[in-house]
Amino acid sequence: MQGSILDLSSAVNPFAYDKLDNEPEQWKSLPNISPSLKERVAQYYDNENFLLTPGSQWAIEYLPKLFKQQLDKSLSVAVPSEGYAEHRYHWQKVDARLYEYDALASNELIEAVDICVVINPNNPSGDFLTAKEIITLAERMTAAGKWLIIDEAFVDFHHEFSVSSYVGQPGLENLIVLRSFGKFSGLPGARIGAVGVSTQLRHVVKSDIPLWGISGPSLSLFERVVADQAWLRSACEEVTVWSRKLDVVLRRYFSDVNSAVKLFSIIRTPDALTIFERLLSDGVYVRLLDNGLGLRVSVPKNEAELNYLETALARL
31 MQGSILDLSS AVNPFAYDKL DNEPEQWKSL PNISPSLKER VAQYYDNENF
81 LLTPGSQWAI EYLPKLFKQQ LDKSLSVAVP SEGYAEHRYH WQKVDARLYE
131 YDALASNELI EAVDICVVIN PNNPSGDFLT AKEIITLAER MTAAGKWLII
181 DEAFVDFHHE FSVSSYVGQP GLENLIVLRS FGKFSGLPGA RIGAVGVSTQ
231 LRHVVKSDIP LWGISGPSLS LFERVVADQA WLRSACEEVT VWSRKLDVVL
281 RRYFSDVNSA VKLFSIIRTP DALTIFERLL SDGVYVRLLD NGLGLRVSVP
331 KNEAELNYLE TALARL
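Position one of the sequence shown corresponds to residue 31 (the working numbering), numbered consecutively onward.
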């Protein structure tokens, strides 16, 4: 690895699905959401209310515009004070009034907003809400005619925290869930995500998803990956092992480490910017948090990468 950069910034599964082929027939035909693919989508998300999208980013950009149109008023939206900044950015683009919260949104905040955005598990804080906490919040929001959007981009190795199976259930009609394919598969270039919406919005969202917006080979790849139970189990096991190894190394050098999310660890330190720059100069690229008070380090894929990281840390 001498003379190159060790990139531990992406938080994408480094053990990518590798049973790939050229899919020659898929390249020759227009993309098609086949009955078998619909069945795989419903099976994987344990819910028939999910639609495939051109990446979960598409949904993050689309939903603010949809609600601006549907509610036809100035929107008030609760967003986590620390979280994936694209949510905040795209609500700002539709002139929504933003309210920040640190943990679970308070009663007062819920009463003040039309929509609440929750990232679970949170990127980059690494914090989780339980499924019970989210469902309780979703029930309250739905009963009040408000909407709850849950970004579950990193939940695939933490299924016990997912609320995907609850989308569309009675009393939860205003719950929307976003899922990502690229994070857990290690294939972000496929550009596939999914959005779970109840029947009252499903036809609107479905009609707005770009026609042939996901390539045929990507659709075929999604179907094969989520059907490959052996690979899904082994990927989770590998990520878990290396997440623990990364945690051990980081705790040798830092006192505040959060490794709850298996694909990355969070280091909290007021010296984050200095450490970021020193690691980069030593050939290790990690993610500097937006607030400048922490670093996000992705899971390495082998001993060579882990040793390279530790050597750089030892020189700080």
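Glycine included, each C-beta is placed from N, C-alpha and C at the ideal position. The structure presented is a predicted model; accordingly, all values stated were derived computationally and were not measured.
Three-way DSSP call (helix, strand, coil) for residue i in this model
| i | result |
| --- | --- |
| P151 | coil |
| F80 | strand |
| E203 | coil |
| I63 | coil |
| A265 | helix |
| A161 | helix |
| G246 | helix |
| G212 | helix |
| G85 | coil |
| V255 | helix |
| A224 | strand |
| S273 | helix |
| H120 | helix |
| N43 | coil |
Burial state of residue i (16 or more Cβ within 10 Å)
| i | result |
| --- | --- |
| I35 | exposed |
| A173 | exposed |
| Q100 | exposed |
| Q87 | buried |
| E112 | buried |
| T304 | exposed |
| H233 | exposed |
| A135 | buried |
| I164 | buried |
| D186 | buried |
| Y47 | buried |
| Q32 | Because the pLDDT of Q32 is 46, which lies under 50, any placement of that residue in the model is unreliable, and the number read from its coordinates should be weighed accordingly. Q32 should be labelled exposed. |
| V271 | exposed |
| G156 | buried |
| V278 | exposed |
| L241 | exposed |
| E335 | buried |
| T160 | exposed |
Same chain only: Cβ atoms within 6 Å of residue i, ignoring 5 sequence neighbours per side
| i | result |
| --- | --- |
| E253 | L67, R70 |
| L205 | A168, L178, V197 |
| S248 | A220, I222 |
Minimum Cβ-Cβ distance from residue i to chain D less than 8 Å
| i | result |
| --- | --- |
| L336 | Absent here is chain D; the protein component of the structure consists of one chain. |
Residues bridged to residue i (per DSSP)
| i | result |
| --- | --- |
| I179 | V147, I206 |
| R317 | R326 |
| N288 | I296 |
| S110 | The identity of residue 110 in the sequence shown is Pro, whereas the question assumes Ser. DSSP lists Y131 as partners of P110. |
| G198 | None; G198 has no bridge partner. |
| L36 | V314 |
Beta-carbon proximity check, residue i vs residue j, cutoff 8 Å
| i | j | result |
| --- | --- | --- |
| G198 | T166 | no |
| E20 | V147 | The requested residue 20 is not part of the displayed model; the chain covers only 31 to 346. |
| V109 | E141 | no |
| V193 | I180 | yes |
| L81 | K213 | no |
| V124 | L105 | yes |
| A265 | F45 | yes |
| A302 | G322 | yes |
| V227 | K176 | no |
| R317 | L346 | no |
| Y75 | R209 | yes |
Contacts around residue i, its chain only, beta-carbon distance under 7 Å, and the 5 residues preceding and following it disregarded
| i | result |
| --- | --- |
| F294 | A41, R326, V327, S328, V329 |
| L50 | none |
| E333 | none |
| G216 | V42, N43, P44, F45, A46, Y47 |
Sequence-distant residues of the same chain with beta carbon closer than 8 Å to residue i, five excluded per side
| i | result |
| --- | --- |
| G246 | E53, Q56, W57, S59, L60, P61, N62 |
| V314 | I35, L36, L38, Y338, L339, A342 |
| S238 | In the sequence under discussion, the amino acid at residue 238 is Asp, which differs from the Ser named in the question. Counting only Cβ-Cβ distances below 8 Å, and skipping sequence neighbours, we find Y92, L96. |
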